[in-house]
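Take 1 as the starting number for the sequence shown in the UniProt record's numbering and just add one per residue.
Just so you know, even glycine gets a beta-carbon here, dropped at the ideal spot from N, CA and C.
All values derive from a computational prediction rather than experimental measurement.
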Amino acid sequence: MAARICILNGPNLNLLGKRQPEIYGHDTLEDVARDCAALAAELGLETEMFQSNHEGEIIDRIHRAREDAAGIIINPAAYTHTSVAILDALNAFEGPVLEVHISNVHKRESFRHHSYVSLRADGVIAGFGVQGYELALRRMARLLA
Ligand code: CA2
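Here you go:
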């Protein structure tokens, strides 16, 4: 059975492709889910796309990933910059964790320059648009090989 990779997305990313295309592009999260699933099949992996606007739901999904996922790709959205609780949950996950940001957070406001999740992430991708998810998936395949 193919190893499952959880692709976790934080608050407001359900609006992807529907608002602020100048920052986040035109693809929706459903488009990203479809493209990642196709790439995962090529790589011998399986993906599950998860999005929540609620910190506790993201933490609960990370806890379940301890049992049902080999790796986590996470765009924590605004929780990147605020959530010690998501960092703690990721610290309890044993597989690889890759952090993705659609925009180049380092080119934006200074409060976006710090990431709690980066203290756990095995790699970080920022500023590659939604292509960052596919790049993270390719890296994940290498890390799990
Ligand atoms: O660049 C990223 O991927 C971010 O994680 C996106 C977060 C932001 O708070 C981070 O600093 C960087 C915001 C996600 C909001 O997504 C939207 C998408 C379309 C329209 C409105 C919001």
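Item, Value
"State buried or exposed for V84, treating a residue as buried only when at least 16 other CB atoms are found within 10 Å of its CB.", "exposed"
"In this structure, how does DSSP classify M49 when only helix, strand and coil are distinguished?", "strand"
"Would you mind reading off the limits of the beta strand (DSSP E) that contains I125?", "123 to 126"
"Please report how far the alpha carbon of M1 lies from the alpha carbon of V97, in whole angstroms.", "21 Å"
"Under the three-state reduction of DSSP, which class applies to A3: helix, strand or coil?", "strand"
"Where do the N-terminal and C-terminal ends of the alpha helix (DSSP H) with V117 fall, by residue?", "Counting along the chain, V117 falls outside any alpha helix (DSSP H), and DSSP gives it neither H nor E."
"Taking Cβ to Cβ, would you say E42 is nearer than 9 Å to R4?", "no"
"For the ligand CA2, I want to know if H53 counts as a neighbour, meaning its beta carbon is within less than 8 Å of at least one of the ligand's heavy atoms.", "The identity of residue 53 in the sequence shown is Asn, whereas the question assumes His. The answer is no for N53."
"Taking C-alpha atoms, which residue in H113, G95, Q131 lies nearest to V32?", "Q131"
"Using the Cα positions of S118 and E99, report the straight-line distance between them to the nearest angstrom.", "7 Å"
"What's the gap between the Cα of E109 and the Cα of S103?", "12 Å"
"Suppose the cutoff is 6 Å on Cβ atoms and the five residues either side in sequence are ignored; what does the same chain contact list for T80 look like?", "S115, V117"
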